[in-house]
Amino acid sequence: MIQADVLIVGGGGAGTSAALHLARRGVRVVLLERGLVGGQATGVNYGGVRQQGRHPAGIPLARKSREIWSRIRELTGSDVEFDPSGHLKLARSAADEAELLRWNTLAVEHGLRPRMIGRNAIRELYPHFSDVVIAGSLMEEDGSANPRLLAPALARAARKAGADIREGHAVTGLEHDGTDFRLLANGTRFAAPWLLNCAGFWGGEIARQFGEAVPIEKLHPNMLVTEPLPYFLRESLGVVGGGLYMRQIARGNIIFGGGRGESDAGITFTRPRPDAAFEVMRSAIAVIPRLEHAMVIRSWSGTDGTFADHFPVLGPSRTTPGLIHAFGFCGEGFQTGPGVGAVLSELVMDGVTDVPLEAFDIGRFTAAQIAV
Amino acid sequence: MRIVVVGGGPAGIRAVEQLVRAGVTPIWIEEGPDGGGRITQRPPPGFTRDHAALYGADAGRARRLHATLDAMKPRTDWRPDTLVWNIRPQDKVLHTLTNGAAQGEVAYDALILCTGAMDRVLPLPGWTLPGVTTLGGAQVALKSQGVGIGANPVLIGTGPLLWLTALQYAKAGAKPAAVLDTTDFLTKARFGAGMLWNLPTLLRGMGLFAQLKLRGVKLHEDITPLAIEGVDGVTAVHWRDAAWKEHVTPCDAVGMGWGLKPEAQLADLAGVPFDYDATQQNWVPRKDVAGRAPVAGVYLAGDGAGIGGVEVAELAGARAALAALGDAHLPSDMALTQHLDGRLRTERRFRKALEQAFPYPAKLAARMEDSTSVCRCEVITAGELRAAAAADAPEVNRAKAFSRVGMGRCQGRLCGTPAAAVLAKALSVEVPEVGRLRGQPPVKPVPLQQVG
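Following this line, the structure appears as structure tokens:
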């Protein structure tokens with residue numbers, strides 16, 4: 001049996017970041033990942049490092065994480081292709097424009113500095129947009145990174161700092177003996193007084209086993225990429241109301257997505273949906289007409305967990321001391337992953353964190369919601 | 001009963017023939033403008049070279065296949081110029097792209113995939129120069145466009161296609177500068193006995209060899225290709241002979257290929273599991289002897305279901321159609337079924353010997369220099385792939401995630417085989433242990449702009 005101080009289930013951005021932050025503070029930490037680290041939501045998402053558009057309750061966490069993104073190379077030894085290229089959110093109607101203004105006012109109260117780009121300026125600065133676009137809001141410090149690289153880089157750094165990161169370790173036994181959590185994975189027993197539930201969509205099942213069922217739902221992103229095109233798009237793009245996000249990487253490919261993919265009942269596979277792909281292709285051409293000549297070379301999906309209120313579950317268990325949940329990031333966990341790991345390490349080591357977590361409490365669901 | 005056949009090559013033609021015989025009108029989808037397959041590639045209308053000149057010893061087979069193809073088209077829902085780019089097996093729906101522009105959906109109850117094969121390559125320094133093509137590409141150019149890849153090409157690789165292509169070029173008036181075979185004579189001789197299971201084909205192969213000799217084409221065995229040289233295009237091939245003597249052979253084009261790999265992306269998207277076939281050195285979609293995949297309603301035949309060659313493709317195409325008919329309780333010819341099963345058993349023995357006699361040079365691939373491009377779409381070198389291995393990539397999909405190998409326009413169809421060899425060597429494991437690149441839709445690029 002392997003005795004540790006902290007056990008982490010799930011090797012996504014949150015889990016690997018928690019392992020790194022804890023190991024750096026000298027904690028004996030074991031992370032158990034069923035597949036390879038970053039194989040699910042952290043690895044297959046769009047790669048947006050975006051604070052823009054978040055609910056005010058989520059902004060402090062996003063800001064904390066953004067600060068870590070600035071240090072990602074120092075922290076992991078890899079830049080994970082993080083590029084603070086700016087995130088530009090587009091308005092396609094007067095109502096959209098009003099929505100941008102509304103959020104920008106809120107954001108300023110939280111210390112962010114978004115900048116409106118009006119009707120004339122957007123024509124002048126971004127001639128590749130069609131007339132459908134009437135205004136935009138730019139968050140200069142937002143941007144993107146390569147989702148395939150984040151969790152592996154955090155895991156490598158965590159290993160270097162002394163964490164025991166175990167891939168190919170599906171947890172098949174899970175209990176709390178009053179003092180320690182006891183886990184069985186890949187034939188090995190693990191025990192520790194702390195357990196961090198960072199298991200993404202499957203975190204809902206872990207919570208349920210500790211008497212905390214949650215109304216989590218599957219979320220499958222619908223992602224596509226084009227062949228390389230001449231470089232023209234610096235900012236990562238979104239639109240008011242969602243349904244389209246798009247960025248161009250330095251080698252020219254346009255990565256874009258919108259709508260939802262699908263899976264079978266057991267989630268043995270996830271797939272993009274052709275109808276959703278067509279919809280997002282139409283939306284993309286409507287915003288950037290030159291894309292009508294582009295070819296899609298690949299599409300993909302993956303699995304995240306989401307809740308109706310669009311907040312994750314992040315914070316201590318209500319039933320079991322030593323258990324902390326961090327799962328169900330509703331498709332917005334890539335940017336926050338590094339910050340969530342820091343928050344988890346603070347909760348374990350200091351008992352407090354400077355990020356308000358009330359909105360993310362696992363106790364927020366009503367019995368009726370859970371029953372559904 | 002909606003039966004859909006994908007592919008108008010030898011397997012597809014023989015599958016459709018059986019379906020029509022049983023009174024079924026299948027939907028028949030072909031990616032190209034016409035059927036006929038690759039080895040029996042059909043020339044476009046107006047082309048004047050006759051079957052004998054185009055196909056040599058396979059002329060009779062080509063003539064028969066093309067006649068059946070033409071006879072079947074009006075008796076089916078024939079849809080040429082149509083790419084199947086995705087399958088949703090849970091709903092039994094295919095997504096198609098016609099004439100490169102029009103999106104469509106085709107529902108099926110039974111689906112017979114006859115998707116063929118493509119060349120396996122061995123990346124070399126200079127292999128992305130203009131003038132370098134695959135042996136299959138060199139053949140298609142000759143048969144369907146009436147042009148050669150060059151007047152003095154060097155042909156490199158191993159297998160019957162190497163000699164066949166050389167002879168076809170010689171007959172068409174080109175003078176191959178050299179034919180460079182990476183397999184030594186002894187390996188071929190050792191497994192030659194196994195090829196007695198199909199004596200006519202063995203004799204045809206030996207005939208090819210003899211005719212090349214007669215025409216004065218230089219054949220070199222047990223060679224190691226070192227580099228393709230040139231600046232704006234191919235000017236020479238640098239290689240080493242069995243006695244470790246180095247040669248530079250001037251040429252104006254290069255055709256290369258080391259056997260074939262199944263074009264099995266649609267089977268993959270249909271959810272068919274794959275197994276590594278150590279003899280073929282290919283990942284092959286799983287099927288029973290009749291061609292049934294372990295996915296409801298999906299049947300596999302021809303080289304897309306594991307390399308067997310044109311003769312096996314014809315037999316397996318017919319057999320898969322009979323299986324689909326039988327499973328649907330439609331009339332199927334029991335006597336023919338038994339006959340086909342017997343022939344397929346014999347052919348499998350022949351094929352095993354053939355694959356052993358002309359192996360993919362995985363060791364050469366694994367030893368590739370760090371600076372050689374493995375993935376030509378994304379320009380990823382062997383060195384970058386090895387760096388990915390060092391950064392905890394225990395299998396090819398993770399290596400793809402780290403290095404971008406196989407992420408480009410061809411989606412790893414070309415680089416998948418050599419990339420697996422490089423990665424396996426870097427990790428000191430056997431090739432099958434690094435797995436295979438997972439298929440992702442679209443099978444081939446589709447335009448953002450949708451029509452129809």
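Top to bottom, those sequences are chains C and A. For the first sequence, the residue numbers in UniProt numbering are 1 to 372. For the second sequence, the residue numbers in UniProt numbering are 1 to 452. C-beta atoms are modelled at their ideal positions from N, C-alpha and C, and glycine is treated no differently.
Simplified DSSP state of residue i, which is helix, strand or coil
i               : result
M256 of chain A : strand
W78 of chain A  : strand
W202 of chain C : helix
Y276 of chain A : strand
N197 of chain C : strand
Q90 of chain A  : coil
L219 of chain C : strand
Y126 of chain C : coil
H310 of chain C : coil
W163 of chain A : helix
Rounded straight-line distance, which links the Cα of residue j to that of residue i
i                      : j               : result
P44 of chain A         : S373 of chain A : 35 Å
G137 of chain A        : P176 of chain A : 16 Å
R159 of chain C        : L20 of chain C  : 8 Å
G178 of chain C        : T319 of chain C : 12 Å
T134 of chain A        : L414 of chain A : 10 Å
L196 of chain C        : V298 of chain A : 44 Å
T16 of chain C         : A153 of chain C : 9 Å
V108 of chain C        : L229 of chain C : 36 Å
L208 of chain A        : K261 of chain A : 23 Å
R148 of chain C        : G241 of chain C : 27 Å
residue 450 of chain C : G238 of chain C : Any property of residue 450 of chain C remains undetermined from this structure, which presents chain C solely from 1 to 372.
W202 of chain C        : L61 of chain C  : 22 Å
R436 of chain A        : L106 of chain C : 49 Å
D354 of chain C        : S345 of chain C : 12 Å
L124 of chain A        : E229 of chain A : 10 Å
E433 of chain A        : R234 of chain C : 40 Å
R349 of chain A        : R204 of chain A : 17 Å
L22 of chain C         : I8 of chain C   : 11 Å
Same chain, Cβ closer than 6 Å to residue i, five either side skipped, listed in chain order
i               : result
G8 of chain A   : E30, G35
R166 of chain C : L32
Closest residue to residue i among the options (Cα-Cα distance)
i               : options                        : result
F210 of chain C : C:F360, C:I285, C:D309, C:H176 : C:H176
T306 of chain C : C:D79, C:S317, C:F327          : C:F327
A366 of chain A : A:S428, A:D341, A:P153, A:V20  : A:S428
G233 of chain A : A:S371, A:L260, A:G126, A:W163 : A:G126
N104 of chain C : C:R182, C:R28, C:F201, C:Q52   : C:Q52
Q90 of chain A  : C:T270, C:A185, C:S93          : C:T270
L315 of chain A : A:T417, A:V289, A:T279, A:G192 : A:V289
F256 of chain C : C:M295, C:K218, C:I267         : C:M295
Test: residue i CB closer than 8 Å to a CB of chain C
i               : result
P273 of chain A : no
N99 of chain A  : no
V446 of chain A : yes
V391 of chain A : The question names Val, but residue 391 of chain A is Ala in the sequence shown. Answer yes: the Cβ-Cβ gap between A391 of chain A and chain C drops below 8 Å somewhere.
H95 of chain A  : yes
A401 of chain A : yes
P33 of chain A  : no
Q440 of chain A : yes
N86 of chain A  : yes
R409 of chain A : yes
Q265 of chain A : no
Q449 of chain A : yes
Any chain A beta carbon closer than 8 Å to residue i
i               : result
W300 of chain C : yes
R148 of chain C : yes
E67 of chain C  : no
I255 of chain C : no
P221 of chain C : no
Beta-carbon proximity list for residue i, same chain, < 8 Å, skipping 5 on both sides
i                      : result
G23 of chain A         : L330, P331
L155 of chain A        : L135, A138, L162, T165, A166, Y169, P176, A178, V179, L180, V254, G255, M256
V147 of chain A        : A141
residue 373 of chain C : Any answer about residue 373 of chain C is impossible in this case: the structure gives chain C only from 1 up to 372.
Close-in-space but distant-in-sequence residues of the same chain around residue i (CB under 7 Å, 5 per side omitted)
i               : result
W300 of chain C : V44, M223, P272
G136 of chain C : L88, K89, L90, A91, I117, I122
L196 of chain A : L202
Interface residues of chain E facing residue i [CB-CB closer than 9 Å]
i             : result
I8 of chain C : No chain E is present in this structure, whose protein chains are C and A.
Proximity test, residue i beta-carbon vs the ligand GDP heavy atom, cut-off 7 Å
i              : result
N99 of chain A : The model on display carries no ligand, and the ligand GDP is accordingly not part of it.
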